[in-house]
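The structure appears below as structure tokens.
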Amino acid sequence: PPKCTLTPAPTAVAPPGSGGLSYNPGSGSGPTVISPGTPGTWYLTSCFWTSGGGSGTDLGTVFVKTPTGAVAPVVIDPLVLAEQAEREIRLPEPPIELSPPASPGQWQYVHVPTWAWLGQGGWASPSASAAAGGVAVTATATPVSLELRYLDGATTHTVVCSGPGTPYSPTLASAEDPAAPIRAASPSCGWTYQNSSASAPGEQEPVRATLTYRVTWTATGAAGGGNLGLLVSPATALGVRVAEVQAVVSSS
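Be aware that the sequence shown starts at -19, since it is given in my numbering, and climbs by one per residue.
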């Protein structure tokens, strides 16, 4: 006989208790008409079978009748719940901050390092859960890298930071470069402009920030857990103005 996994069917397929055709993959008997009001539940099925030296997988729907006072047996695939939970995770736009700040009236400067970091709560691990038939699954997205893309003149550059970056402070800049704190680069995340934004639209250069997360899942009520892969957050877009300061040296 085929080995089948059953999961509750979406209402768009067949609402519980509604009439319709029930087909049990591998039964060979064809579909059965279910009368409206028949107690029971619709399920999606995935069945693996072997016969005559061959094997295969069938997908379909089946209606499991429930005797009065009884509960139909259900086999829940925890991985299906994990993928459902993953789709429910809401990833925020990264709260990126720069020094000098990306704010009206504020300029970045050519040959002066720009520091980048995430604001409070930016390096968090959002999660979501799904449950069915006594099985509960939680999917958690853990940040692994911060990617920043910026335009400098006619060239787009990408900076990938393995953490949330380091907030700028004059004390830290002085520690990084005691002789000239203004030249101190971020110890973990940043870049340095080589061109001004005078010829850019609105005299601003775009900066785009995204966070990459690794999603893992755990289950209770059933065996399972592991890695679901990577997710990328929505992007945060900024516009920065870059000035070039020139000096004239004269002797008298």
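Each residue gets a CB set at the ideal place from its N, CA and C atoms; glycine is no exception.
Beta-carbon spacing of residue i, residue j below 8 Å
i    : j      : result
L98  : P150   : no
A119 : W22    : no
P74  : G102   : yes
A199 : P93    : no
S236 : A116   : Given a span of -19 to 232 for the chain in the structure shown, any question on residue 236 remains unanswerable.
V55  : T(-15) : yes
I69  : A121   : yes
T41  : L24    : yes
P186 : G219   : yes
L71  : L208   : no
V124 : R67    : no
W95  : S79    : yes
T136 : S166   : no
Boundaries (first-last residue) of the alpha helix (DSSP H) holding residue i
i    : result
V60  : 58 to 68
T151 : 150 to 156
Collapsed DSSP secondary structure at residue i in the structure displayed
i    : result
G113 : coil
A223 : strand
E183 : helix
P161 : helix
C169 : coil
G145 : strand
T122 : strand
V139 : strand
V229 : Since pLDDT at V229 reaches only 47, below the 50 mark, its modelled position is unreliable, and the value read off the structure follows with that caveat. Note: V229 maps to coil in three-state DSSP.
G40  : strand
P106 : coil
V13  : strand
S176 : coil
A189 : strand
A217 : strand
T196 : strand
A96  : strand
Q88  : strand
Expected contact under 8 Å - CB spacing of residue i and residue j to nearest Å
i    : j    : result
A215 : A189 : 7 Å
L191 : L128 : The Cβ separation is near 10 Å, so there is no contact.
V225 : Q174 : Between Q174 and V225 the Cβ distance is about 14 Å, and since that is not below 8 Å, they are no contact.
P161 : S154 : 5 Å
A217 : S176 : Not a contact, Cβ separation roughly 20 Å.
V171 : Y130 : Correcting the residue type first, residue 171 is Trp in the shown sequence and not Val. Correct: roughly 6 Å between the Cβ atoms.
Residue range of the unbroken beta strand (DSSP E) whose run includes residue i
i    : result
N207 : 205 to 212
E77  : 76 to 79
T18  : Careful: T18 lies outside any beta strand (DSSP E) and carries neither H nor E.
P72  : Element bounds for P72: n/a, residue is neither H nor E.
Minimum Cβ-Cβ distance from residue i to chain C less than 8 Å
i    : result
A199 : Among the protein chains of the structure shown there is no chain C, as only one such chain exists.
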